[in-house]
Structure formats: structure tokens, C-alpha cells
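Just so you know, the sequence shown maps onto residues 198 to 793 in this note's numbering. From the three backbone atoms N, C-alpha and C, an ideal C-beta is built for every residue, glycine too. What follows is a short report on a single structure.
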Amino acid sequence: MEVTAPTQARMPIQQVFQQLKRILHFARPYAVGLSGGFLLFFLATAVGLVLPLGIKALLDTAIGQRNADLLNQLAIGLLALFIFRFVLSFFGSYIMMLIGEKIVIGLRSRLYNHLLHLDVKFFHNQRVGDLTSRIISDAGSIRSLVTENLVTTVLTLLQFFGALVIMLTIDWKLTLVVLLAAPAATAASQAFGPYLQNASRKVQEKAGRTVAVLQEVFNAVPMVKVYDREGYEKGRFDSSLDDVYVATRTAVRAQSLFSAVIGLVTAVSTIAIFWAGGHSVLSGTLTAGDLVAFLFYAQTISQGLSQLAQIYGSLYSIVGSSERVFELLDLDAEVQNKPGALQPGLVRGELEFEDVCFAYQADHPVLDGVSFQAEPGKTIAIVGLSGAGKSSILKLLPRLYDPQRGAIRLDGHDLRDLDLSWLRQQVAFVSQDVMLFSSTVLENIRYGRLDASEEEIRAAAIAANAHEFIRDLPQGYETEIGERGVKLSGGQRQRLSLARALLKDAPILILDEATSSIDSLSEKLILEALKDARQSRTTLVVAHRLATVRDSDEILFIENGRIIQKGLHDELLSLRGPYATLVASQLSPASISHGA
């Protein structure tokens, strides 16, 4: 499910407009504000079209007649128009920038929410840094479509046609000279557009990979230091920066060449106007004021063509960024609610696996015909060698994945018939890889139930044998524990995780190697906490250590994705099968010396 860049370098103009339509969809809630901003810019544009006529009057009338009073009046009037235009432009720009920021915030929020609801499988195939880049950088680049490109396009077209009409009234022959530049600018836009789009997308991709490198290294700083790999990681980051530079250089070169071509077309047309208009003034068919005004309007059209060309180029750049955003929004989760999904009332906690087959990849089965039952309030332990499929069984219960064959039932209901959010509220999970947030102890426990009171949080901590060490922290429950709980020991992190699960008070408790990486004292404290917690819950335990599983109501030994033994601890020992061999290996001196 990895998101990759499409190999197609060119995008037809129809697809470009379809992409823009999707972007503008996010602007609909702000239609009133956008209309107000457009109105202010429209008035500013109209004022701008009047200014050259005022200059024409100043030259032909005031200066031509040597009328100082009229000159002063016209100058003051033109100054007032300039100030009025400035005020209109300021407020128009202010409104559009704020709305553009709101649109980007809405897009980022929607994208983030969409990603949160995608399957766990999706995140296994993605770099966190690249996803971060898409949310922050790519979504942010879309802002300019509304705040700059859309406004500039509409206003430039208004200026273009307004200036064109006035120019035709002054001298239609000179106007034809100006219009000869339009086909050349259009041809350049058509030629450069696809290259600009592709170049922009590559820049965004390379930037996303750079962010991914940072994310990976910052999450693995202890390992980097232990292996003395600071120099290696510096080289890897510099290499990714070089890739960004090369991609940016290509994009800048294309954009610069494009702007230069448009500038050349503009310069040639301006010189042609000077030449032809100068001859008209000399012959008496034009006044000096007419020529100056005409040059102002011609400059307006030339600048308009240049701006439209630049917008056309940046349009492809925005489309390149938006592709990376909409690729994610177009993804659908494989695990979804069925129409009319059930939300049963009272949950007893009876679990049943019936002939469950599961594979992360089609040609690599992980579970093959797994069947067992867990009665309400009972504890089922799942043991076996690494890679046998133990943890996969647990991941199917909250529907992080769905089996390809067979059924899993809760109180007789197939999990696929149950409301997904409701189902996950019935399950509490404690894993070997404890996930904690860079926040306080209190907030990390409260994550189990967001409306819990401080008294309930302390009660959960006491039940998890965590209250004593929390009380000894510098700020107690308000102590910041650092990213992923780096300021705590492994046993302390596990007990916080258990407190969070107990606070959730779900009828099903899942323990996935919850004591495998901690010391014997921490394990003892956690097992004591679990002894009481398991009495009122259906509990599934995956563990290697004998102390964690020996008191279970049933032990399942799984090998190569199949249950090959099941029974009580003493029963399985008497059979002298694989479970007995596993227990014996833990009790051997060699295993003890290796911390088994």
C-alpha cells in the first residue's frame, strides 16, 4: 500500500483543471469572505485603469496649456487615487491571506484525520517523515492558489481586457502590435508547463525524504551514538540535502528560463510600441499624452502576460504538490465498518476463533486454521517460538487487520459485523513496545479514558503498582516524561502502559510480551497487578516467560501458525511435547545466563 510517485511526467490540461477543482472545493466554506476580498481587489484594479488617463490629462491639458492650477489639482487627484488603491489592495490582500491560511488548516486537518483512519498496514509501508512533509509542506503550498494565483489571474484578466479596450480607443494599430506578444507567451506556457509540474513534484518528494531521514535519526539517537554513526548519519543527511538541491536546481532553471522567455517577449513588444508610437507622435496622429498613457496600458498588458505565464508555471507546481496530498486522501482503509454495523449492549467477553487464516502478504501465511475459545473472565496464554504467529492473533482482535478466512467472534458476533469504534472500546492493549507521549504521567495514563478524573487515574496507577514510583518523581503525576517516556525505566514505562489499560476498564485485556524486556522485580510487580485485573476480564496473553503464563486457564502452543498443543500448564508438562521443551529451556542454566 506504499504511496509512490506516478511515472507519468506530463499531465493533460484537463487533469490540471480537475485537480484545481478539487483544491477549490476546500474554499467553498469561505465563499463570502473570498467574494469580499475579490470585490476589494476589483475596485483597486478599476482605480488602476483610471490612473493612466489622469496622467494623459495631466500631460495634454495641464502641461500643454501651461495651467499650473489644473496641474496641482490633477496631481492631488492622482495621489488620492493611488492612496485609495493602496487601501483597497491592503484590505483585499489581508482578507485573502487569512482565508488562504484557514483553507490550508482545514486541508491539513482533514488529511491528518484521514491518515489516522487508514490501516496499520499502510503505515508499515510509509516513512513518517514523508507523511509529515505531505501534511505540512505540500498542503501548505496549495495556499498560494487562493491567496495569490486565483486572485492574480482574475484581476490580471480584468486589467488585460480593461486596458485593451482603452488602448483600442487610443490607437487600434498600436494595439495590434501589443497583441502579437500573446501567442508567443501562450506557446511558451504550453511548452514549459509539464516540465515545471514534474520538477516541482520531484522537489517535494526529495524534501519529504529528507524529513524522513531526520525523523528516523531523531528516533534512534541512542543507537546512533552507541554505534558511533554520527558521521555516517551526517553523510546520509547531506546526501538527501544534495538530492533536494539537484531537484530544486532543475526546477529553478526551468522557471527562470520560462520567466526569461516571457520577459524577452515583453521587451520586444515594448520596443515596438516605442518605435511605432514615436512615429505617430511625430506625424501628429497621436499626442504625447496618448503615447504615455498607451505605454502605461501596454505595460499593464505586458505585465499581465508575464504574471499569467508565471501563474501558469506555478499552477503546475501546485498541482505537483496537490497530487501528493490527494494521493493520500484517495486511499481507502481495508478494515472498515459494514453498513448497519452493530453496537451490542452488555459485553460478556466470550471470544471464539474459528478456522482463522491470516497473512500480511498473500504468499506468506502467518496463521493457518487457528481455532480456540476464551470464556468470559478466563485467561488464555499463547506461547511458541519467535515468528510462530502469536502476536498476529492479538492484532486481529481489535481489527488492526482482518483474517482472509475464518471468523473471530465476540459474544457470538462476528467482529466484522460490529462497529469498529465500539469494538476497540472493548479492548485494552499492553504491548512490549510501550508507546508513551511526550507529556506528563497524568496525561499518558488518562489516554486510556479521556474523561477520567484524577482520582480514577491514581486508582489505576495503584492497581498497576505504579503509584509509588510516580509519587517519587520530581513533580509526581505532573512530571514530563520526555518523548516515548525516555526519562523512565523500562519497568516504569510498562507499568504506566498497564495503568492506562486498566483505566480504560475494557472487558478484554490483551498482553503482548508485556514483561519480556524488564527486570524480575518489575515483572513481579506487574504480575501482581495483573492477578487482580484478570479476574474480571477476558485476557489473552502472549509471553515467553514461564511466570507470566503458568497460572493461565488455558495455554495454546503455536508453531508455524497452527495450534499444536493446548491445555493447563501441568497437563502440557506431562505430555513432554514442545511446551515442556520450551519450559525446560527456560529452566536450564544456559538459558538463565542469557536472561530467558
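Can you name, in chain order, every residue of its own chain whose Cβ lies under 8 angstroms from the Cβ of residue i, other than the five neighbours on each side?
i: A670; result: Residue identity check: residue 670 is Leu in the sequence provided, not Ala. V638 and T676.
i: L237; result: L285, S286, F288, G289 and I292
i: V746; result: A578, V580, V738, A740, I752 and H766
i: Q496; result: T467
i: V247; result: L278
i: F523; result: Q216 and R219
i: P562; result: C554, F555, A556 and G758
i: A796; result: Lying before the first or after the last residue shown, residue 796 is absent from the chain, which here runs from 198 to 793.
i: I760; result: V567, S568, F569, L753 and F754
i: V301; result: A336, G337, I339 and R340
Using 8 angstroms for Cβ pairs, my map puts residue i next to residue j. What's the rounded Cβ distance?
i: N662; j: I723; result: 7 angstroms
i: R545; j: P573; result: 5 angstroms
i: L526; j: T350; result: Incorrect: roughly 25 angstroms between the Cβ atoms, too far for contact.
i: G645; j: R602; result: At roughly 33 angstroms, the Cβ-Cβ gap does not stay under 8 angstroms, so G645 and R602 are not in contact.
i: P595; j: V627; result: About 13 angstroms; that fails the 8 angstroms criterion.
i: L512; j: D614; result: Actually they do not touch by this definition, with Cβ atoms about 47 angstroms apart.
i: D608; j: P541; result: 7 angstroms
i: G405; j: S330; result: 4 angstroms
i: E653; j: L700; result: 7 angstroms
i: V348; j: I470; result: Their Cβ separation, rounded to whole angstroms, is 28 angstroms, which puts V348 and I470 out of contact at 8 angstroms.
i: Q629; j: A744; result: Not really, about 16 angstroms apart at Cβ, beyond 8 angstroms.
For residue i, which of the options has the nearest alpha-carbon?
i: T482; options: V410, K592, I367 and V441; result: I367
i: E430; options: V414, Y227, V362 and G234; result: V414
i: L548; options: Y557, E531, S568 and G542; result: S568
i: L591; options: D709, G687 and P541; result: D709
i: Q216; options: L564, E520 and F634; result: E520
i: V631; options: R621, Q691 and L779; result: Q691
i: S436; options: N346, L347 and T407; result: T407
i: A660; options: L693, S686, K684 and L633; result: L693
i: F550; options: S589, I363, N395 and L271; result: S589
i: G173; options: H222, L255 and D750; result: A question about residue 173 goes unanswered here, because the residues of the chain that appear run from 198 up to 793.
i: D316; options: D529, S499, L376 and A469; result: D529
i: K685; options: K721, D648 and L633; result: Note that residue 685 corresponds to Leu in the displayed sequence, not to Lys. Selected option, being the one with the closest Cα: L633.
i: Q558; options: G537, P600, M294 and K535; result: P600
i: S733; options: R742, E298 and L706; result: L706
i: L597; options: F281, H314 and G537; result: H314
i: N346; options: R681, Q270, G688 and M294; result: M294
i: A649; options: L221, A360 and D702; result: D702
i: Q533; options: L411, D616, A585 and K728; result: D616
i: G537; options: R742, S635, L488 and W619; result: W619
i: V489; options: S635, D729, K253 and E298; result: K253
i: G679; options: S636, Q452, Q689 and P704; result: S636
i: I498; options: G517, A464, W472 and E531; result: A464
i: L796; options: A744, L438, R643 and H222; result: Residue numbering for the chain in the displayed model covers 198 to 793; residue 796 lies beyond these limits and cannot be assessed.
i: W472; options: K370, L454 and F455; result: K370
i: K299; options: K721, L411, L543 and L221; result: L221
Suppose the cutoff is 7 angstroms on Cβ atoms and the five residues either side in sequence are ignored; what does the same chain contact list for residue i look like?
i: G774; result: Q762
i: A777; result: L769 and L770
i: E725; result: N662
i: L779; result: V580
i: I667; result: V638, A658, G673 and Y674
i: S480; result: none
i: R305; result: I332 and A336
i: F214; result: none
i: S311; result: First, the amino acid is wrong: residue 311 is His here, not Ser. Excluding residues within five positions, the ones whose Cβ falls inside 7 angstroms are L525 and L526.
i: F320; result: none
Output needed for residue i: all residues of its chain with C-beta closer than 6 angstroms, excluding positions within five of it in sequence on either side, in chain order.
i: R731; result: T576
i: L365; result: T372
i: K403; result: D440, V441 and A444
i: A571; result: L548, I577 and T735
i: F493; result: P249
i: D552; result: G566, S568 and G603
i: L275; result: G251
i: Q409; result: The amino acid at residue 409 is misidentified as Gln; the sequence shows Ala. Only R324, G326 and D327 meet the Cβ criterion.
i: D560; result: none
i: G501; result: T353, Q356 and F357
Could one say the Cβ of residue i lies closer than 8 angstroms to chain D's Cβ atoms, at least one of them?
i: A444; result: Within the model displayed, chain D is absent; a lone protein chain is all it includes.
- Cβ contact check for the region 580 to 599 and the region 738 to 756: 3 or more pairs under 8 angstroms: A contact exists between the region 580 to 599 and the region 738 to 756.
- At least three beta-carbon pairs within less than 8 angstroms, the region 329 to 342 to the region 470 to 479: no
- Message: Under 8 angstroms, with one C-beta from each stretch per pair, do the region 228 to 243 and the region 353 to 363 reach the 3-pair mark?
- Response: yes
- Which residue spans inside the region 537 to 566 form an unbroken beta strand (DSSP E) run of at least 3? Entirely contained in the region 537 to 566, the beta strand (DSSP E) runs reaching 3 residues are, in chain order, 548 to 558.
- Item | Residue ranges of each beta strand (DSSP E) within the region 723 to 786, 3 or longer | Correct list: 735 to 739, 751 to 756 and 759 to 764.
- Query: Enumerated in chain order, which unbroken segments of the alpha helix (DSSP H) with a length of 4 residues or greater are wholly contained in the region 636 to 677?
  - Reply: 638 to 643, 651 to 660 and 664 to 668
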